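Protein chains in written order, with numbering that gives the first Met the number 0: chain L, 0 to 491; chain W, 0 to 482. Quick reminder that beta carbons are idealized off the backbone N, C-alpha and C, glycines included. Model, not experiment: these values are computed from the prediction.
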Amino acid sequence: MASEDVKNSPATVVFDTEAANSLLKELRSTVIAGKTKSYEWRASQLKSLLKMVEDRDKEICDALFSDLSKPEMEAFIHEIAMIKASCKLALKKLKDWMKPEKVKTTLGTFPSSAEIVPEPLGVVLIISAWNYPFLLSVDPVIGAIAAGNAVVLKPSEIAPAMSSLLAKLFGEYLDNSAIKVVEGAVPETSALLEQKWDKIFYTGNGRVGRVIMAAAAKHLTPVVLELGGKSPVLVDSDIDLTVTAKRIVSGKWGCNNGQACVAPDYIITTKNYAPVLIDSIRHQLVKFYGEDALNSLDLSRVVSSNHFARLTKLLDDDRVSGKIIHGGQTDMSSLKIAPTIVLDAPEDSLIMNEEIFGPLLPIITVDKIEDGINFINSRPNPLAAYLFTNKKQLKEEFVSNVSAGGVLINDISLHLMVDTLPFGGVGDSGMGAYHGKFSFDAFSHKKAVLHRSFFGDAPARYPPYTPGKLRLLKALLDGSILGIIRALFGWS
Amino acid sequence: METDLEADLKELRQVFNSGKTKESSWRISQLHGLLHLLEDRENDISMALKQDLGKHHVEAYRDEIGTVVKSVNYALKNLKQWMAGKKASLPLAAFPSKAELLHEPLGVVLIISSWNFPIGLSLEPMIGAIAAGNAIVLKPSELAPSCSSFLAETIRDYLDNSAVKVIEGGSAIGERLLEHKFDKIFFTGSTRVGRSVMSAAAQHLTPVTLELGGKCPAVVDFFSTSRDADMATKRIVWGKFGACAGQACIGIDYVLIEKKYASNLVELLKKYITQCYGDGPTGSHSMSKIINKKHFSRLKSLIDEPRVKSSIVHGGLLDEESLFIWPTILVDPPLDAAIMMEEIFGPLLPVITLERIEDSIEFIRARPKPLALYAFTKDEHFQKGLISETSSGSIMFNDVILQYAVDTLPFGGVGESGFGRYHGKYSFENFSHEKVVVMRSFLIDFWFRYPPWDDKKLQLIKSGLRFDYLGVVLIALGLKSKA
Numbered sequence: 000m001a002s003e004d005v006k007n008s009p010a011t012v013v014f015d016t017e018a019a020n021s022l023l024k025e026l027r028s029t030v031i032a033g034k035t036k037s038y039e040w041r042a043s044q045l046k047s048l049l050k051m052v053e054d055r056d057k058e059i060c061d062a063l064f065s066d067l068s069k070p071e072m073e074a075f076i077h078e079i080a081m082i083k084a085s086c087k088l089a090l091k092k093l094k095d096w097m098k099p100e101k102v103k104t105t106l107g108t109f110p111s112s113a114e115i116v117p118e119p120l121g122v123v124l125i126i127s128a129w130n131y132p133f134l135l136s137v138d139p140v141i142g143a144i145a146a147g148n149a150v151v152l153k154p155s156e157i158a159p160a161m162s163s164l165l166a167k168l169f170g171e172y173l174d175n176s177a178i179k180v181v182e183g184a185v186p187e188t189s190a191l192l193e194q195k196w197d198k199i200f201y202t203g204n205g206r207v208g209r210v211i212m213a214a215a216a217k218h219l220t221p222v223v224l225e226l227g228g229k230s231p232v233l234v235d236s237d238i239d240l241t242v243t244a245k246r247i248v249s250g251k252w253g254c255n256n257g258q259a260c261v262a263p264d265y266i267i268t269t270k271n272y273a274p275v276l277i278d279s280i281r282h283q284l285v286k287f288y289g290e291d292a293l294n295s296l297d298l299s300r301v302v303s304s305n306h307f308a309r310l311t312k313l314l315d316d317d318r319v320s321g322k323i324i325h326g327g328q329t330d331m332s333s334l335k336i337a338p339t340i341v342l343d344a345p346e347d348s349l350i351m352n353e354e355i356f357g358p359l360l361p362i363i364t365v366d367k368i369e370d371g372i373n374f375i376n377s378r379p380n381p382l383a384a385y386l387f388t389n390k391k392q393l394k395e396e397f398v399s400n401v402s403a404g405g406v407l408i409n410d411i412s413l414h415l416m417v418d419t420l421p422f423g424g425v426g427d428s429g430m431g432a433y434h435g436k437f438s439f440d441a442f443s444h445k446k447a448v449l450h451r452s453f454f455g456d457a458p459a460r461y462p463p464y465t466p467g468k469l470r471l472l473k474a475l476l477d478g479s480i481l482g483i484i485r486a487l488f489g490w491s
Numbered sequence: 000m001e002t003d004l005e006a007d008l009k010e011l012r013q014v015f016n017s018g019k020t021k022e023s024s025w026r027i028s029q030l031h032g033l034l035h036l037l038e039d040r041e042n043d044i045s046m047a048l049k050q051d052l053g054k055h056h057v058e059a060y061r062d063e064i065g066t067v068v069k070s071v072n073y074a075l076k077n078l079k080q081w082m083a084g085k086k087a088s089l090p091l092a093a094f095p096s097k098a099e100l101l102h103e104p105l106g107v108v109l110i111i112s113s114w115n116f117p118i119g120l121s122l123e124p125m126i127g128a129i130a131a132g133n134a135i136v137l138k139p140s141e142l143a144p145s146c147s148s149f150l151a152e153t154i155r156d157y158l159d160n161s162a163v164k165v166i167e168g169g170s171a172i173g174e175r176l177l178e179h180k181f182d183k184i185f186f187t188g189s190t191r192v193g194r195s196v197m198s199a200a201a202q203h204l205t206p207v208t209l210e211l212g213g214k215c216p217a218v219v220d221f222f223s224t225s226r227d228a229d230m231a232t233k234r235i236v237w238g239k240f241g242a243c244a245g246q247a248c249i250g251i252d253y254v255l256i257e258k259k260y261a262s263n264l265v266e267l268l269k270k271y272i273t274q275c276y277g278d279g280p281t282g283s284h285s286m287s288k289i290i291n292k293k294h295f296s297r298l299k300s301l302i303d304e305p306r307v308k309s310s311i312v313h314g315g316l317l318d319e320e321s322l323f324i325w326p327t328i329l330v331d332p333p334l335d336a337a338i339m340m341e342e343i344f345g346p347l348l349p350v351i352t353l354e355r356i357e358d359s360i361e362f363i364r365a366r367p368k369p370l371a372l373y374a375f376t377k378d379e380h381f382q383k384g385l386i387s388e389t390s391s392g393s394i395m396f397n398d399v400i401l402q403y404a405v406d407t408l409p410f411g412g413v414g415e416s417g418f419g420r421y422h423g424k425y426s427f428e429n430f431s432h433e434k435v436v437v438m439r440s441f442l443i444d445f446w447f448r449y450p451p452w453d454d455k456k457l458q459l460i461k462s463g464l465r466f467d468y469l470g471v472v473l474i475a476l477g478l479k480s481k482a
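The following block contains the structure:
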């Protein structure tokens, strides 16, 4: 197994500031040589990536199982299929995306022509997360390559099997002079962050997000931060109960067992409806995962003992443990926690204030369903906000009043599988967005290009300034032909 | 003073939360308020600019009043369209669903502007912030004090004071503001201060736009006719000295030209400088002064260096009392002198000569990415080379500065010249969050979405994700076993 190899191997070279320095130097010279700019290079790298996924899908699934006990279906749907689709889209659209965009110019700058030309930023750093370690590493890399950049990927050390697999596969399939994987933890990441990057793309939590943005500030490096938050699910009584329960259960526990940035974090429903909803959710839980959900093979495990301890701590609070109405079983040796539902945990408990990122689902009850919207708005902006209802007005109110990265009505998480939609947060859930063309844009600079001719110059532009020149200027800025003619002839 | 600031910010937050600034009627009324401000108080604005920068009334109108009026009108004309959601297409596999992208305001935003275009660079971002429905704090530059107090007073009179506030002060106030959480910070100024603004923003995960500067080069190719040479030279003179005496982020910093054409250019430059700004050491009323003693000394020390002084071929005259520096031309000052390493931001124009004009590409690439790149050339091949081989915020051929006035072009930097962009609809987007909204129906649920997993479900999903709908049907009917 990969982790054992690392233990037994001879002391590896430490990746320190000097190493980071020379890494950047090498990548910069690749970029200066113009290698990554051509359409041919970008297409060839994307094709290789696609081949890599197709050839080695079994190893990828194995690494995901090793790191997360991720069921093969999830590995396939959420990570492998999505990367394949992303590669294929980029290959199909690359020429379009690279084309300059013509824009109209105004009378005041006549005669001229203008366009917006996308260009690579240069050398970019992508730091990914452990929960979808393949998807969240490779998807941004696709965008960075499509936009013509050199890339350093720093996968999460909390998913070590995937980290070393990525290092190996990228080494085999991609152009090593332009695309590199640096493995490691805090020291290696810090060494990387001391360097000057042209963009940093980070997926993870807000605490580290702050550190990364502060490091980026020293070099004026723009960042994309894909963070998280507590994504709420507001459930009305006017719904299709079975479908709702199925979607909630698969959205919460069927996506890495709650360890997903857009996983339903907690549910809000009315006091009256709660018993009915809870019953249905419990029913679906058993249908999906059986009576002994703790040991179901269709559920990912908790990623590490640190996170296991973090999650069990959330339940340790007496005021919370007394409110467990389903599940609650844990097994430290296998790092498993059963799907657990907690009813009306106190508002100031940890479980209601930190992003859960695990298989615990608090349900909060309110008197009227509209109170739920206020509840959500009194908290930091989440990455996703969900509503289940048939009521048109409630939908409209929710959409216009709840601020989140994305809002989904009557389903969970699907929006991130659609590549025509930008995926990103707002406020504490992050800044910037990607997926599809938005990935290409995230790693590009859109340069404004204006062509003017030597013909046609308004003497009004030049000093010495006179009232007549001022009149002409006013007319030019106003864009009105009559005004210009009048000013030119001294009629205004 | 302490509690005033906190009280102001609290009020802004409350007003934003009340939903007032989100209404299109509010946004339109505020934009009209801006228009009235600019129209009613045109003279006061000119006076304030004359006081702070010695700006001529025409320059003031052109660069700070007229352009802003144009931008407000553009925003009013397009606001409805910008506010309308954009439908997004979804694949059939997601049927039945609808998706759209809605722009929503970010909340309470902070705009920090600079001293060189103190009115324009305060109001232009404000147009975007208002159009996008935010509550606003504007912190104008204390180095342009007349303009700062003008803004504080008139914005209070013409705009909704509960939602748009001007907070005056220097770096102390700036630091105090930055301790608080804003939903966006829009900063125009130097790279040094840009770094500390971004560091402060990082503590609150506040997104920022940094409009910085750099050394904007003007590449000058060979001219086939004297008419072209004249036109280009006038534009260069205007682009250097005519925009706040060179104190402009997109002003020309230095010129690159082939050795053999340099002396011609210098003669033409001298001719047009004299024509536009007169002759002699007394201040020309058509050119701005230097903002303050500190910058005056900074500029003086750039040319005081002996190796630099000896490269001066025109001008080099300074008058500390009136803070006036005469248009100055230098030919080939040493490339490692401060004047060629730092952004000049003043009326000193180095002319750097090269063996071949194509070498300008290498020269520019070896240096930090500037906010703007100018090239006077009709050679299409050379133009293409410049576009693809260099990087800058924007690039303009055969003229200068005008890109600032084109509403359809994004205005912003790259690398050390900054990030983020605005003008036109980009201003609106800059201060908005593009929220994804997806509506699904309860009808039609693919049963193979849910565990427990088995191979048949896997094959169905494989087909589904490939949008191979026939395959989905066949597998479901048991007529096909593998996707």
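(message) Within the continuous beta strand (DSSP E) that includes W/Y421, where are the two ends?
(response) For W/Y421, no beta strand (DSSP E) run applies, since DSSP gives it neither H nor E.
(message) Against chain W, with Cβ distances strictly below 8 angstroms, would L/F356 count as a contact?
(response) Chain W, which has no Cβ nearer than 8 angstroms to the Cβ of L/F356, makes this no.
(request) Measure the alpha-carbon distance for W/F344 versus W/A242 and round it to whole angstroms. (result) Going from the Cα of W/F344 to the Cα of W/A242 covers about 10 angstroms.
(request) Assuming L/G326 contacts L/A292 (C-beta within less than 8 angstroms), just tell me the rounded distance between them. (result) Contact holds; Cβ gap of about 7 angstroms.
(request) Sort W/Q50, W/I129, W/L476 by Cα distance to W/S24 and report the nearest one. (result) Closest option to W/S24, judged by alpha-carbon separation, among W/Q50, W/I129, W/L476: W/I129.
(request) Keeping to the same chain, check which residues put their C-beta closer than 6 angstroms to that of L/G424; ignore five residues upstream and five downstream. (result) Once the five neighbours on either side are set aside, the close Cβ partners of L/G424 are L226, L382, G404.
(message) Taking only three categories from DSSP, how would you classify W/F240?
(response) Residue state, collapsed to three classes: helix.
(message) Using a 10 Å radius around the Cβ and a threshold of 16 neighbouring Cβ atoms, would you call W/S390 buried or exposed?
(response) Classification for W/S390: buried.
(request) Compute the Euclidean distance between the alpha carbons of L/E524 and L/C260, then round it to the nearest angstrom. (result) Shown here, chain L extends from 0 to 491; a query on residue 524 of chain L therefore has no answer.
(message) Could you check whether L/V302 and L/Q258 sit closer than 8 angstroms to each other, using their CB atoms as the reference points?
(response) In terms of Cβ geometry, L/Q258 and L/V302 form a close pair [threshold 8 angstroms].
(message) Within 8 angstroms of any Cβ in chain W, is that where the Cβ of L/F287 sits?
(response) Answer yes: the Cβ-Cβ gap between L/F287 and chain W drops below 8 angstroms somewhere.
(request) Grab me the residues of L/I355's own chain with a C-beta within less than 6 angstroms of its C-beta, minus the 5 sequence neighbours each way, in chain order. (result) Result list for L/I355: D264, in chain order.
(message) Quick check on W/H35: does DSSP put it in helix, strand or coil?
(response) W/H35: helix per DSSP, three-state reduction.
(message) Which complete alpha helix (DSSP H) runs does the stretch 159-203 of chain W hold, if anything under 4 residues is left out?
(response) DSSP runs (the alpha helix (DSSP H)) wholly in the stretch 159-203 of chain W: 170-178, 190-202.
(request) Could you say which of L/H306, L/D410, L/S333, L/L310 lies nearest to L/N294 if we only look at CA atoms? (result) It is L/S333.
(request) Can you give me the Cβ contacts of W/L36 inside the same chain, cut-off strictly under 6 angstroms, excluding the 5 residues immediately before and after it? (result) Within the same chain, W/L36 has close Cβ partners T153, Y157.
(request) Using a Cβ cut-off of 8 angstroms (strictly closer), state whether L/G228 contacts chain W. (result) No, because no Cβ of chain W sits closer than 8 angstroms to the Cβ of L/G228.
(request) Report yes or no: do the stretch 257-268 of chain W and the stretch 403-419 of chain W share at least 3 C-beta pairs separated by less than 8 angstroms? (result) No, the stretch 257-268 of chain W is not in contact with the stretch 403-419 of chain W.
(message) Tell me which residue opens and which closes the beta strand (DSSP E) that W/P104 is part of.
(response) Here the beta strand (DSSP E) through W/P104 covers 96-104.
(request) Give the interface partners of W/S198 over in chain L, defined as CB-CB distance under 7 angstroms, in chain order. (result) Against chain L, a Cβ distance below 7 angstroms from W/S198 picks out A213, A216.
(message) Judging by CA-CA distance, which residue of L/T465, L/T329, L/V448 is the nearest neighbour of L/T311?
(response) Ranking the options by Cα distance to L/T311, first place goes to L/T329.
(request) Report all residues from its chain with a CB closer than 7 angstroms to the CB of L/K36; omit the five preceding and five following residues, and keep chain order. (result) Scanning its chain for C-beta atoms nearer than 7 angstroms, with the 5 sequence neighbours on each side dropped, one finds around L/K36 the residues P119, G147, in chain order.
(message) Can you check whether the C-beta of L/M97 is within less than 8 angstroms of a C-beta belonging to chain W?
(response) It does not; no Cβ of chain W falls within 8 angstroms.
(request) Check the Cβ-Cβ distances between L/K473 and every residue of chain W, and say whether any is below 8 angstroms. (result) So, interface residue.
(message) Going by C-alpha to C-alpha distance, which of L/V150, L/P132, L/I125 sits closest to L/S28?
(response) It is L/V150 whose Cα lies nearest to the Cα of L/S28.
(message) Beta carbons nearer than 8 angstroms to chain W: which residues of the stretch 315-332 of chain L have them?
(response) The residues in question: there are none.
(request) Tell me whether L/K69 counts as near the ligand NAP, meaning its Cβ is closer than 7 angstroms to at least one heavy atom of that ligand. (result) For the structure depicted, the ligand NAP is absent and the ligand set is empty, with no information on it obtainable.
(request) Name the two residues that bound the continuous beta strand (DSSP E) containing W/S431. (result) 431-439 is the span of the beta strand (DSSP E), which, as asked, contains W/S431.
(message) Helix, strand or coil, according to DSSP, for L/R209 in the structure here?
(response) Judged by DSSP in its simplified three-state form, L/R209 adopts helix.
(message) Quick check on the burial criterion: 16 or more other C-beta atoms within 10 angstroms. Buried or exposed for W/E22?
(response) When all chains shown are included, W/E22 counts as exposed.
(message) Using C-beta distances below 7 angstroms, list every residue in its chain close to W/I386, excluding the 5 sequence neighbours before and after it, in chain order.
(response) When the five nearest sequence neighbours on each side are left out, the beta carbons in the same chain lying within less than 7 angstroms of the beta carbon of W/I386 are those of I394, in order along the chain.
(message) Does the CB of W/I386 have a neighbour CB from chain L at under 8 angstroms?
(response) Chain L contact via Cβ: present.
(message) Let me make sure I understand the geometry here. Which of L/D366, L/L63, L/I350 has the alpha-carbon closest to that of L/S236?
(response) The candidate whose alpha carbon is nearest that of L/S236 is L/D366.
(message) Can you find the residues in the same chain that come closer than 8 angstroms, C-beta to C-beta, to L/M0, ignoring five residues on each side of it along the sequence?
(response) Its pLDDT being 43, under 50, L/M0 is placed unreliably by the model, and the measurement read from it follows with that caveat. The beta carbon of L/M0 lies closer than 8 angstroms to those of S65, A160 in the same chain, with the five residues before and after it left out.
(request) Check W/L89 in the structure and name its three-state DSSP category. (result) In the structure shown, W/L89 adopts coil according to DSSP, grouped into three states.
(request) Since I believe W/P124 is in contact with W/S440 (beta carbons under 8 angstroms), could you give me their beta-carbon distance rounded to a whole number of angstroms? (result) Contact flag wrong, Cβ pair sits at about 41 angstroms.
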